[in-house]
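Engineer: The structure under discussion is supplied below as structure tokens; questions concerning it will follow.
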Amino acid sequence: MAKYGTIEFAGASGASYMFTAYSRDTNFNAVGAVYFVTKRSPNGPGRFSHAEIYVGETGDLSDRPLNHHRKDCFDRNGANCVCVLTESDRNRRLYIEADIRQKHEPPCNRQ
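So that you can map any letter, position 83 of the sequence shown is 632 in the numbering used here, and since no number is skipped, the others follow by simple counting.
Written as structure tokens, this is what we have:
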């Protein structure tokens with residue numbers, strides 16, 4: 550498990566959301582969260598970029614995204630990172646997920 554740092558994602562509403570980035574193989578606690586599966590790549594000395602692959606929400610991060618029904622899509626797109634924003638309120642998670650999805654249109658959300 551590697552914790553990489555933080556990354557900010559904007560939503561279609563113009564709101565910005567701060568996520569913590571982890572390696573894809575991280576085992577998470579059973580907490581509510583919005584998560585963004587990405588391909589993290591070096592982008593200059595000490596800098597990284599993230600190709601957006603999938604955004605979702607869950608009431609139990611210990612089960613998702615490791616056991617996700619779109620895992621094959623994640624693999625095809627080179628997913629190696631999970632960015633997490635913990636949020637206990639389900640309605641707030643759904644709002645954030647939809648806001649980010651509308652802005653970024655990740656490929657694994659379109660299937």
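Beta carbons are placed, not taken as given, at the ideal position from N, Cα and C, and that holds for glycine.
Note that this is a predicted model, so its numbers are computed, not measured.
1. State the Cα-Cα distance for the pair A561 and N576, rounded to the nearest angstrom.
2. Can you list, in chain order, the residues of its chain whose CB lies under 7 Å from that of E601, leaving out five sequence neighbours each side?
3. Extract the residue ranges of the beta strand (DSSP E) inside the segment 570 to 613, only unbroken runs of 3 or more that lie entirely within it.
4. Are the beta-carbon atoms of Y566 and C630 separated by less than 8 Å?
5. Where does E646 fall in DSSP's three states?
Structural biologist: Concretely, from the data shown:
1. When rounded, the distance between both Cα atoms is 30 Å.
2. Answer for E601: F585, T587, H653 and P655, listed in chain order.
3. Those beta strand (DSSP E) runs which fall completely within the segment 570 to 613 and span 3+ residues are 582 to 591 and 597 to 607.
4. No.
5. Note: E646 maps to helix in three-state DSSP.
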